[in-house]
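Chains A and B supply the protein sequences, listed in that same order. First residue of the first sequence? That's 1 in the working numbering, and the numbers climb one at a time after it. First residue of the second sequence? That's 104 in the working numbering, and the numbers climb one at a time after it. We treat Cβ as the ideally placed atom computed from N, Cα and C, and that holds for glycine. This report refers to the structure that appears directly beneath it.
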Amino acid sequence: MVKKAIQIDEKDNVATTTEEVDTGEQVEVISPDGKVILRPKVTEPIPFGHKLAIKPIKNGDNIVKYGEVIGVSTQPIKAGAWVNTHNVGSARMPTKGKEEGIL
Amino acid sequence: MTQLMGYRRFDGSVGVRNHLLVLAPIDCSYEPAKKIAAQVDGAIAVTQYHGCGKDPVLVHNLVGTGLNPNVAAILVLGLGCETLTVDTVADGIRPSGKPVETLVIQQEGGTLKTQEKAVRILQRWAQEVAQLKPEPFPLSKLTLAVECGGSDATSGLAANPAVGVACDRLIDEGGTVIFSEPQEMIGTQHILARRAANNRVASDIYTMIDQDEERLKAIGVDSRWMSAGNIGGGLTTIEEKSLGAIRKGGTRPIQGVLQNNWDRFDRPDGPGLWLQDGTGWDVPSVTHMVAAGAQIVCFTSGQGSTTGHAIAPVIKITGNPVTYKQMEDNMDINAGTILDGSESLNSVGQRIYETIIDTANGKKTKAEALEYRDYIVFCRSRAAEHLLGHC
């Protein structure tokens, strides 16, 4: 069976693998509705529960999971590439609403 | 429009169960309370383990348990010399119009005399409650609590997002959802605050989560630090880690922060999504949300859990198919079907929603059928909170 990666929110530009994927393997990326939205061939091993990009991501772009910004890319990331601390930094984590213009 | 069948209480709330509660305000009367409850159909005994004090957090939560619509009648059973008297608890519950009685062991002349009286009271209630007729009611009368415990890598990937889908639908149909565990929200203050219904709610969200960060900092824990295990497991940032937990509450606007402290104990005063200030410890967290009025609980667990609750059905959901197979006696729903692509996230969410409705209409959860009746009231150290400037 083809290995799967799950897009949790329609706004997400990453999906999460449901088992370990090896170099050269194809992955089916499944949307919240159950549609296959992408079939990338991965170019590096991606462990279970890790993320892969499902769109090309430019340096400095937001990484979106759960429909929210979870970090910012520190280099360009191709669709299908592994996403973790080697290419994503924590978005500056604001502690006060004023910094974010919320309060 | 989904309709439910439930039991209308005098105060307008609707119960999905008809429990008789034997409430011991102090652990000194809990052993006899359990013996009494064991003799009568539908009776359940609860207590608290914070000793002989009159802490308002204990009073709020014990009274809240009695006020929960799943409780039909309450017997408050005390020893006699306790600081938190039976009358304090009973007086808090009486405005609901439910039958409330009190008995005090030292006044009745020992446990056996008390027991005889208590069993007769409960026996009469059990007969009366059996005659209550369920009536149809709209989803606006239903409050769901969501909780997680024993999480693993599948929790943030499958079970929590699927429960979130069910929460969104419940809210869209007029229902109410409460979620808590502020410790698991660290790093998402700004994300949750942006979903706040207004500025005051946004400010309350910051305060609630910041205070939990301060509690951890006071014991030398940097709560924003990601462990090698977190990163090796695929979590890149603290925002991602916390979002995996808070997604179980869905995506709708946040109507307010329900305070649970020495000054205030809030209940939702309208439908929609609410946060409750509380603890990351799962059983007390559930107990507090049920004390705030939740009639049903959804509990996600990657590694598997046995938990139930004294007065609320607990539906347990795992995103891990191996756990479901190993713990099928305890876990109600397998959300692990998302992992192999055999079911979509949204369709598992609908299945959870339907299970919530079936449970409200009387279907017993696995924990209920096994009579697992967890109940713990948690109370922060008031001295520590004072030193931290929180009260």
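Asked	Found
Selection from B:Glu316, B:Ala394, B:Thr410, B:Leu378 that minimises the alpha carbon distance to leucine 295 of chain B	B:Leu378
Chain A contact residues for threonine 440 of chain B, given Cβ-Cβ distances below 7 Å	Neighbours of threonine 440 of chain B on chain A: none; closest Cβ ~11 Å, over 7 Å.
Cβ neighbour criterion (16 or more within 10 Å) applied to serine 484 of chain B	exposed
Contacting residues, own chain, Cβ-Cβ under 6 Å from arginine 350 of chain B (five flanking each side not counted)	Asn263, Pro264, Gly267
Nearest-angstrom beta carbon gap, leucine 52 of chain A and alanine 81 of chain A [assumed within contact, 8 Å]	6 Å
Neighbouring residues, chain A, relative to isoleucine 334 of chain B (Cβ below 9 Å)	Asn84, Thr85
Nearest candidate by alpha-carbon position, reference isoleucine 308 of chain B, set B:Lys469, B:Gly359, B:Ile322, B:Arg120	B:Gly359
Every unbroken alpha helix (DSSP H) inside the stretch 226-289 of chain B [4 residues or more]	263-275
Whole-angstrom distance between isoleucine 399 of chain B and valine 27 of chain A, CA atom to CA atom	38 Å
Test: alanine 472 of chain B CB closer than 7 Å to a CB of chain A	no
Beta-carbon proximity check, alanine 438 of chain B vs glycine 422 of chain B, cutoff 7 Å	yes
Partners in chain D for serine 73 of chain A, counting only beta-carbon separations shorter than 9 Å	Although the question refers to chain D, the structure presented lacks it and instead comprises the protein chains A and B.
Closer than 7 Å to chain B by CB, lysine 55 of chain A	no
Interface flag, arginine 350 of chain B vs chain A, CB-CB below 7 Å	yes
Contact set between aspartate 443 of chain B and chain A, taken where Cβ atoms lie within less than 8 Å	Met1, Lys4, Thr18
Exposure of glycine 347 of chain B, with buried meaning 16 or more beta-carbon neighbours within 10 Å	buried
Beta-carbon contacts of lysine 55 of chain A that lie in its chain and below 7 Å, excluding the five residues immediately before and after	Asn13, Ala79
Cα-Cα separation, serine 31 of chain A to valine 64 of chain A	14 Å
Contact list for leucine 346 of chain B against chain A, beta-carbon separation under 8 Å	Lys65, Tyr66, Glu68, Ile70
Start-end ranges of the alpha helix (DSSP H) lying completely within the stretch 359-414 of chain B, minimum 4 residues	385-394
Heavy atom of the ligand GDP within 6 Å of isoleucine 349 of chain B beta-carbon	Among the components modelled here there is no ligand, and therefore nothing to report on the ligand GDP.
Cβ-Cβ separation, leucine 126 of chain B to leucine 187 of chain B (assumed contact under 8 Å), whole Å	That pair is no contact at about 11 Å.
Residue from B:Gly181, B:Val232, B:His163, B:Lys216 with nearest C-alpha to valine 174 of chain B	B:Val232
Three CB pairs or more closer than 8 Å across the stretch 437-457 of chain B and the stretch 290-304 of chain B	no
Test item: CB-CB of isoleucine 139 of chain B and glutamate 185 of chain B under 7 Å	no
Cβ-Cβ distance between leucine 107 of chain B and phenylalanine 282 of chain B below 7 Å	no
Residue interval of the beta strand (DSSP E) (run including isoleucine 177 of chain B)	174-181
Within chain B, the residues that isoleucine 30 of chain A reaches when beta carbons sit closer than 9 Å	Ile441, Gly444, Ser447, Leu448
CA nearest to the CA of histidine 489 of chain B, picked from B:Thr339, B:Arg318, B:Thr410	B:Arg318
Chain-ordered neighbours of isoleucine 77 of chain A on chain B, where CB pairs are closer than 8 Å	By Cβ distance, chain B contributes nothing, its closest Cβ being about 12 Å from isoleucine 77 of chain A, past 8 Å.
Alpha carbon of alanine 146 of chain B to alpha carbon of tyrosine 475 of chain B, nearest angstrom	13 Å
Cβ pair leucine 235 of chain B, leucine 273 of chain B closer than 7 Å	no
Option nearest aspartate 385 of chain B by Cα separation, candidates B:Lys220, B:Glu284, B:Leu491, B:Asp158	B:Glu284
Per-residue burial, proline 356 of chain B [other beta carbons within 10 Å of its own, 16 or more giving buried]	exposed
Residue interval of the alpha helix (DSSP H) (run including tyrosine 475 of chain B)	No alpha helix (DSSP H) contains tyrosine 475 of chain B, which DSSP labels as neither H nor E.
Contacts of proline 264 of chain B in chain A (Cβ-Cβ under 7 Å)	Ile8
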